[in-house]
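Engineer:
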Amino acid sequence: MTLSATSEDRRNPLAGLLAENSNLIGLAAIIILFWIGFTSYAPGFVSSFNLFALSRSLAIDIVVGFSTMVVLATGGMNLAIGSIGVCAVMFAGWLMQEVGIPLPIALVAGLALGALLGFLNGFAIVRSGVNAFIITLASASLFLGAMLILSKAVTFNTLPPEVAAFGRMKWGFVSPLMVIALAIGAAMVVLFRFTALGREILAAGANARAAELSGVPVGRAIIVAHMLSGLLAAAAGLMLLFRLGAAMPSIGQDWLLPSFLAPVLGGTLLSGGYVSVIGTILGALLVTTIRSGLLVMQIGNFWLQLFLGLILLLAVMLDRYRSVHAERRSLGKRA
Amino acid sequence: MQLSIEDIGKSFPGVTALDGVSFTIRPGEIHALMGENGAGKSTLIKIITGLYKPDRGRLTVDGKEVAFSSPRDAIAAGISAVHQERNLIPRFMVGENIVIERLPTRGGLIDYGAVHREARRFPDMIDPSIDTHTEVRRLSVAQMQIVEIAKALSLETSVLLLDEPTASITGHETEALFAVLRRLRDEGKAIVFVSHKLEEVVSICDRVTVLRDGRVAAAGEPIATMGRGRIVSAMIGREERVAEIGERRLAGAEPVLEARSIATSLGHRDVSFTLRKGEILGLYGLVGAGRTELARALIGDARILSGEVVLRGERVTIGSVPEAIRRHRLGYISEDRKAEGLILAHPIRSNIVIPIWRRIAGSLGLISRAAERRVAAPLAQRLEVKAPSIEQAVGKLSGGNQQKVSIAKWLAAGVDILIIDEPTVGIDIKTKTAIHELIGEITRSGVSVLLISSDMPEMITLADRILVMKDFSIRGEIENTRRYEAMSQAIMGHIHDGGDDEAKPREAGHG
Amino acid sequence: MTKRFTGVAMRALPMIAATLMGLAAAHASDNKIALIPGGPHPYFAPWEQAAADAKKDFGIAAVDFKVPAEWKLNLQTELIESLVSQGYNAFGIFPGDAVGINTTVEELASNNIPSAALAGCSQDPTKVAFCLGTDVYNSAYLGTKALIESMGGKGKIVHLAGLLVDPNTKLRMEAVEKAVGETNGAVSLVQHITDTDAQEAADQKINALLGAQKDQIDGLIATAYIPSVVAAKSLRNLGDKRIKLVGIDDDKIVLDGIKDGFVAGTMAQNPYGQGYVGAYVLDLLASGTCTVKADAPWIKTPQTAHFIDSGTLLISASNLDSYSSDLKKLTGEIQSTFKDKYLDCK
Amino acid sequence: MTGLFDRILAKEWSALAAAIIAGTIGLALTSPAFLTEFNLYVMLRSFCVVLVVAFAQMLTLAVGQLNLSIGALGGLVAVLVGGMMEKLGLPIPVAILAGLLVGAAGGLANGLLTVRTGINGFIITLATASAFTGINLGITESVPFYDMPAAFVAFGSARFSAFPYLLIPPVIVALALGLFLARTIPGRQLLAVGGNPHAAELSGIPKDRIVVLAHTLSGLLSAVGAILAVAQLGSAQPTIGADWLLMSFAAPIIGGAALTGGHISVASTALAVVLIVLIQNGMVLTQVDPYWVQFVLGALILAAVALNRARALRAERG
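Protein chains in written order, with this note's numbering: chain B, 1 to 335; chain D, 1 to 511; chain L, 1 to 346; chain F, 1 to 318.
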């Protein structure tokens, strides 16, 4: 019998593993290089204060990256993550401050709102068949507008003290928010590697028509992906709420670029069908490292925006090369 | 200008499309190019019109070798073509579409008066009622086809290639087109007429070249000497390699799938047939007969407007493909393996178990790769899928192995009614036979198969009964006597009924 | 960052300051102090000069003016955190959000890094040592009084205010309403137009307002930098001297407006003083020579119980040339009396 | 008669024209100030920049590309033009020309990167947008250039009764664009590539070069929009263009532009801009909460998309 399934894995599991995660190792190497460089230039970079601050903003960047990663899996996109995030935060803030709802219930309500708004996006995209870009561009301004109208853009800043306290908590030199982000990451790994739902989302992203004809309810998979994206955007927003200690209407407005940077740097394909959870985490780490490093090197945060743009261009080129390479590999032509 | 094709060869991963094709197209003649699906016709056309580059052999124009890297080069060398798929710009006017390569300008701006004057001449030849000012998207399919032809004519090249030009135009317009072609031929142009319609080829073409399985069955034979019968047999070929797939006890098998005068949103009217348990029901027809569309309607991928579908004796309406699979255990193997059958980037393991992820997953919806492997590996082994490991991306497999993965998928899904659409298109002969045996084997284990194919030998090998389809309706039903000669004549009879055919096949069913 | 606002008054300040401050004991200190605005805004431009002067006058190792790229609290927080890891050990901050800034301030305090709120206060309970800023309520009240006077005590006025999200805006709205209330009916407030502290929004709203109700309005009170500038420019474009305008801050366009009679006056704030005195006190706190006196003569405001007024005065045609030296004198007084009024020092 | 009515209804912009007329009448009745000369002038003036920005996006949409860098590129050009005039004291025409060149160069970069990587412009322009903003912030450190030459600022606010001079360049651009798309070869090629890329390529149209041309022109128009904005505001603000993204998509889409490319209309896009400006001005007059504009724009896009879907479905069935 020609098929030697089992032997392949035993013979060189390490080789298999290495080949598959070659780009993750590359990414990790770059990150380490930056860390060495920045630390040698500005010792303050690895001070416990900076590491704590770094871990806090990294945690949020990771979850924002996940929020886009889950829709990239279906080959779609979600421009409304910032608006969904701020809606969830303002809703939770309003519940806590005006209605007096205790913190845990307000958090759950915020997450539920995020999932609902994500569902609306997914439902509109599947039902109307219109390009995800337009639906989420329009819904982004709808959600943001609705929130601003209801809240009159007033910050909810007399929140229960636990909110700010949790934001400042320190476990060793890491913020508990980082632990939450890694927990969500673990959940993502379980979703995409160990559940039927995750496989259906990836199949819908890789080839929607073939998936449909194989019995995968593609419409449902896309809607669920957008619900998850909304949920994660709300989670990121609420984590920011802890960090800032106040529910502010300006949350989430600058999430679009980092939300693409982290997954794309990490290897998630823009065309859909492949996600790398660890890649997204490393992608977010690289972006946060560079952000913090530039600040510490007093290059001034004005030039930061330029660097982030160039990095995304580089990541996109890398992605292009990888997917063309993967395409050539999967079509049998020797790369 | 004389165009000759010399020993052209072209192959794709896992299949040789063209194997040493040579014939010559002389000026002042209409040269028919015929052949069954998968005979290599469309690949040859793409080579002649510069879309593909041949692996071996060469094209010569008046003896000089030419090489085309793009359609532009072919046009420059004097070869223009009307392809099957639409190549018009929907929101542009007819006139503009025709002369888009050389829009006349006055003072830097496009002179639309000149555009219409210039473009007017060509559609008028065929259908004067077409106004060059209307936008193409507002035209009927027939009118669009005429504009495509007009566009090719407007290039005034010395060689004009028409791929199934009469597929969607009426008899009256066909006559007008033939008159134009005859006039162009008399002006010394060379015309390559690619068509399935035997009676059209016989009435207008001077010579015919027939392709079969990538090789030339008849090279530039004058139509007068060939005659209808010899053309048909050249197309279908004589080999008697009818693989033995063993007898099946069909007597008294109860019907599993019945269509009672169903009409669909894709254009079927009053289609009825019965598929019995363990039977292979053949559905034969040419391009555009509506067979794939019928399959899509049956599995819930298109709407059934009227009539009844009865599954295992019970009347059903199937809303979606997932429902067809999960609730009715009805599967469909698509003709376009790469785009609709498989997920190329994903490994064999997951491609096989896609339909049953939900079933393998526990209550929490959790699956491990090991669980998938426990289902996929034995199936891949049983179907002898040649691959280094089950983690191999399906895209890296040969056509034959990909089809085996496709079949393994449906075996995993445990469907007992399987619609198979062109199972062995683009697959090498050796693997083809293995797949035929495989289909035979699964029917013996109780699966009923609706086989859609335009590969005559395959149909006669596998099918118990054969329905002949044309223009979205069933034209006849023939018991399969497995005698190749009689069966192929009978089938072609149904397809080409209406012509004054010498060898009128007697009604089938004679022993 | 080259200075943008090279008004005559500005250039004179350092020389005068040096002479007046001669008496302060010049003691070298190795503190690194950072003055951080909420984001880029012309109001804070004088902080850069104030930082340089404070460094020179008080021999401080470093006094730097660092601006977040945008008006976003997380960018301001990120910048402060980064500066801490670069060794800065005292911060003068304009809070991006009155409450949001407290989490960062508490973190600084826990690393015993002193911080002070400058030009705007953080909401109590807060760990900032003190809040040195303009008494916005008083400034808006005096400004509205001046406007009413220039209108002859009667007519309709419109209030052009800054961002709704800025707590100072609410105080200014209340002050305007109080001043109008005291005319018991002679003067009426048509509406507050808020969120005009961005150029494009201001331009669109103020022009639309003038376009629509030019004839029904008699006076404009602007309590934010950018609307004052836009209103001055619009009135000049309209060639309208009937509508009286009292603005805020001393932008060249507003000062020229006063000179040419389009603008009745403007409420000057004292950004230079806030930066200069702020750096001086933070240096003392950072080196531990002094601590803040609990029972000092603090002013109590709705936001904080540790408020110090950095001074405000009305600039009109009369004191157009002398206002900057008046402000200078005011800064000198606050700085020299600060130690014994508000601090216990070793 | 119904034939004529049907034909008008079929026209994309029929719904738009109706909405505009209804809006105008409504506003004129509710607030007397609406029809005053100065208010019309204010509306027309704010119409200029939005129109040019909408045309910039329309051009990339014509070839089925999405351009997210219009605002960022505009901001960069604004501060460069402002800086050249204030810091380097360059004469106005030289600064404007340099600004237009920078805009075209930015667009060219977008086009080349998109064609070279084969990825939709969306991601490329998302990255270049951040790069352009980065350069803008790097140069200005967010501090605007205030001292614009008097003639330049005067042009920004000069008017002849209700007609602002600022409206002249946008009108010229609109006419030129209409002519370019209807009567020039590159213009028709641009629409052809958008309508049916494969057919265009088969007809010998250099697809890649046309996509680069579309991006370059889009960059150029972003620069025009930026220069008009600087003239209107009288100062070169680094934040110019920050809120152009939604606007640049809303107008062409409401004007019936197909996202997949190939179908755009200068007239209906212009009408869509009129409608948007009308709504914004209306809201200021009726003292409606400013945040409603954001909400209404999103709703308008969805409504336009739904209308186009309905019209497409009806056409399919009809």
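The beta carbon of each residue, even a glycine, is placed where N, CA and C say it ideally should be.
Taking 7 Å as the threshold (beta carbon to beta carbon), is alanine 158 of chain F in contact with chain L?
Structural biologist: Numbered from its first residue, the fourth sequence carries residue 158 of chain F at position 158. Chain L contact via Cβ: absent.
Engineer: Would you verify that the beta carbon of glycine 133 of chain L is, or is not, closer than 7 Å to some beta carbon of chain F?
Structural biologist: Looking up residue 133 of chain L in the third sequence gives position 133. It does not: the Cβ of glycine 133 of chain L has no partner Cβ on chain F nearer than 7 Å.
Engineer: Taking C-beta pairs closer than 9 Å, name the residues in chain F that glutamine 213 of chain L reaches, listed in chain order.
Structural biologist: For this step, residue 213 of chain L is matched to residue 213 along the third sequence. The contacting residues are Ala33.
Engineer: Return the chain-ordered list of same chain residues with a C-beta closer than 7 Å to the C-beta of lysine 32 of chain L, the five sequence neighbours on each side being excluded.
Structural biologist: The residue labelled residue 32 of chain L in the question sits at position 32 within the third sequence. So the qualifying residues of the chain are Ala61, Ala62, Gly87, Tyr88, Asn89.
Engineer: Any Cβ of chain D within less than 7 Å of the Cβ of proline 217 of chain B?
Structural biologist: Along the first sequence, one-based indexing puts residue 217 of chain B at 217. So yes, proline 217 of chain B belongs to the interface.
Engineer: Could you tell me whether any Cβ in chain D is nearer than 7 Å to the Cβ of phenylalanine 194 of chain B?
Structural biologist: Here the question's residue 194 of chain B lines up with position 194 in the first sequence. Chain D, which has a Cβ nearer than 7 Å to the Cβ of phenylalanine 194 of chain B, makes this yes.
Engineer: Taking leucine 3 of chain D as part of the beta strand (DSSP E), name the residues at either end of that continuous run.
Structural biologist: Within the second sequence, the letter at position 3 stands for residue 3 of chain D. Segment 3-12, the beta strand (DSSP E) holding leucine 3 of chain D.
Engineer: With a threshold of 8 Å on Cβ separation, who are the neighbours of glutamate 164 of chain D within its own chain once the five nearest residues in sequence on each side are excluded?
Structural biologist: Locating residue 164 of chain D in the second sequence gives position 164, counting from the first residue. Gln84, Val194, Ser195, His196, Val287, listed in sequence order.
Engineer: For the region 229-240 of chain F, which residues have a beta carbon sitting closer than 7 Å to at least one beta carbon of chain D?
Structural biologist: From the region 229-240 of chain F, no residue has a Cβ closer than 7 Å to chain D.
Engineer: Measuring only the C-alpha atoms, how far is valine 216 of chain D from valine 210 of chain D?
Structural biologist: On the second sequence, residue 216 of chain D is found 216 positions in, with the first residue counted as 1. On the second sequence, residue 210 of chain D is found 210 positions in, with the first residue counted as 1. If you take the alpha carbons of valine 216 of chain D and valine 210 of chain D, they lie about 6 Å apart.
Engineer: For glutamate 239 of chain D, is the classification buried or exposed, using 16 other Cβ atoms within 10 angstroms of its Cβ as the cut-off for buried?
Structural biologist: As a working note, residue 239 of chain D is residue 239 in the second sequence. The pLDDT assigned to glutamate 239 of chain D is 48, lower than 50, so where the model puts this residue is not dependable, and the model offers no usable value.
Engineer: For the beta strand (DSSP E) that contains histidine 192 of chain L, what are its first and last residues?
Structural biologist: As a working note, residue 192 of chain L is residue 192 in the third sequence. Segment 187-193, the beta strand (DSSP E) holding histidine 192 of chain L.
Engineer: According to DSSP, simplified to helix, strand and coil, what is proline 347 of chain D?
Structural biologist: To locate residue 347 of chain D, count along the second sequence from 1; it is residue 347. It is a strand residue.
Engineer: Compare the beta carbon distance of alanine 225 of chain B and threonine 74 of chain B with 7 Å and say whether it is the shorter of the two.
Structural biologist: Residue numbering aside, residue 225 of chain B sits at position 225 when the first sequence is read from its first letter. Residue numbering aside, residue 74 of chain B sits at position 74 when the first sequence is read from its first letter. Result yes, Cβ atoms of alanine 225 of chain B and threonine 74 of chain B sit closer than 7 Å.
Engineer: To which residues of the same chain is leucine 107 of chain B closer than 7 Å at the C-beta, ignoring the five residues directly before and after it?
Structural biologist: As a working mapping, residue 107 of chain B is identified with position 107 in the first sequence. Excluding residues within five positions, the ones whose Cβ falls inside 7 Å are Ala92, Leu238.
Engineer: Would you say the region 380-396 of chain D touches the region 285-301 of chain D, given that touching needs at least three Cβ pairs under 8 Å?
Structural biologist: No, because fewer than three Cβ pairs between the region 380-396 of chain D and the region 285-301 of chain D fall closer than 8 Å, the two stretches do not touch.
Engineer: From the DSSP output, in three-state form, read off histidine 31 of chain D for me.
Structural biologist: As a position in the second sequence, residue 31 of chain D is number 31, starting the count at 1. Here histidine 31 of chain D sits in strand by DSSP.
Engineer: Inspect the CB distances between the region 67-76 of chain F and the region 243-258 of chain F and report whether three or more fall short of 8 Å.
Structural biologist: They touch, by the three-pair rule.
Engineer: Starting from the C-beta of valine 293 of chain F, find all residues in its chain whose C-beta is less than 8 Å away, skip the five residues before and the five after it, and write them out in chain order.
Structural biologist: As a position in the fourth sequence, residue 293 of chain F is number 293, starting the count at 1. Answer for valine 293 of chain F: Ile279, Gln280, Met283, listed in chain order.
Engineer: Contact criterion: CB-CB distance below 7 Å. Does leucine 294 of chain D meet it with respect to chain F?
Structural biologist: Against the second sequence, residue 294 of chain D aligns to sequence position 294. So no, leucine 294 of chain D is outside the interface.
Engineer: Where do the N-terminal and C-terminal ends of the beta strand (DSSP E) with asparagine 31 of chain L fall, by residue?
Structural biologist: Within the third sequence, residue 31 of chain L is the residue found at index 31, counting from 1. Run containing asparagine 31 of chain L: 29-36, per the beta strand (DSSP E) assignment.
Engineer: Taking a cut of 8 Å between CB atoms, which residues from the region 161-172 of chain B lie near chain L?
Structural biologist: Cβ contacts with chain L: Ala164, Gly167, Arg168.
Engineer: Taking 7 Å as the threshold (beta carbon to beta carbon), is leucine 285 of chain F in contact with chain L?
Structural biologist: Here residue 285 of chain F refers to the residue found at position 285 of the fourth sequence. Yes, its Cβ sits closer than 7 Å to a Cβ of chain L.
Engineer: Taking the beta carbon of tryptophan 171 of chain B as the centre, do at least 16 other beta carbons fall within 10 Å, making it buried, or is it exposed?
Structural biologist: Start at 1 with the first residue of the first sequence, and residue 171 of chain B comes out as number 171. Exposed: under 16 other Cβ atoms inside 10 Å.
Engineer: Spatial neighbours of leucine 112 of chain F within its chain, please: C-beta separation below 7 Å, excluding the five flanking residues on both sides.
Structural biologist: By one-based count along the fourth sequence, residue 112 of chain F stands at place 112. These residues qualify, in order along the chain: Val212.
Engineer: Just checking: is the beta-carbon of aspartate 309 of chain L within a distance shorter than 7 Å of some beta-carbon in chain F?
Structural biologist: Within the third sequence, the letter at position 309 stands for residue 309 of chain L. So, not an interface residue.
Engineer: Quick check: what's the CA-CA separation for alanine 268 of chain L versus glutamine 237 of chain F?
Structural biologist: Indexing the third sequence from 1 puts residue 268 of chain L at position 268. Indexing the fourth sequence from 1 puts residue 237 of chain F at position 237. About 24 Å.
Engineer: Tell me the rounded alpha-carbon separation between leucine 23 of chain L and glycine 92 of chain L.
Structural biologist: The residue labelled residue 23 of chain L in the question sits at position 23 within the third sequence. The residue labelled residue 92 of chain L in the question sits at position 92 within the third sequence. Because leucine 23 of chain L sits at a pLDDT of 45, beneath the cut-off of 50, its placement in the model cannot be relied upon, and the following sentence gives the value as read from the coordinates. Rounded to whole angstroms, leucine 23 of chain L to glycine 92 of chain L spans 24 Å at the Cα level.
Engineer: Say whether chain L places a C-beta atom closer than 7 Å to the C-beta of alanine 284 of chain B.
Structural biologist: Position 284 of the first sequence, counted from the start, is the residue given in the question as residue 284 of chain B. Alanine 284 of chain B does not count as touching chain L.
Engineer: Would you mind sorting glutamine 216 of chain L into buried or exposed? The rule is 16 or more other CB atoms within 10 Å of its CB.
Structural biologist: For the purposes of this step, residue 216 of chain L is taken as residue 216 along the third sequence, with counting starting at 1. With fewer than 16 other Cβ atoms within 10 Å, it is exposed.
Engineer: Quick one: does glutamate 148 of chain D have its CB under 7 Å from some CB of chain F?
Structural biologist: In the second sequence, residue 148 of chain D corresponds to position 148, counting from 1. By this cut-off, glutamate 148 of chain D is not an interface position.
Engineer: Excluding the five sequence neighbours on either side, which residues of its own chain have a C-beta within less than 6 Å of the C-beta of alanine 56 of chain F, listed in chain order?
Structural biologist: For the purposes of this step, residue 56 of chain F is identified with residue 56 of the fourth sequence, where counting begins at 1. Correct list, in chain order: Ile70, Ser218, Leu221, Ser222.
Engineer: Going by the DSSP bridge assignment, what does histidine 159 of chain L pair with across the sheet?
Structural biologist: In the third sequence, the residue the question calls residue 159 of chain L occupies position 159. BP columns for histidine 159 of chain L point to L:His192, L:Ile221.
Engineer: Against valine 67 of chain L, what residues of chain F qualify as contacts under a CB-to-CB distance less than 7 Å, listed in chain order?
Structural biologist: Numbered from 1 along the third sequence, position 67 holds the residue referred to as residue 67 of chain L. The answer, in chain order, is Glu141, Ser142.
Engineer: In the DSSP assignment, what are the bridge partners of serine 473 of chain D?
Structural biologist: Here residue 473 of chain D is taken as the residue at index 473 of the second sequence, counted from 1. DSSP lists D:Lys470 as partners of serine 473 of chain D.
Engineer: Arginine 243 of chain B: buried (16+ other C-beta within 10 angstroms of its C-beta) or exposed?
Structural biologist: Walking along the first sequence from the start, residue 243 of chain B turns up at place 243. Looking at its Cβ environment, which holds 16 or more other Cβ atoms inside 10 Å, arginine 243 of chain B is buried.
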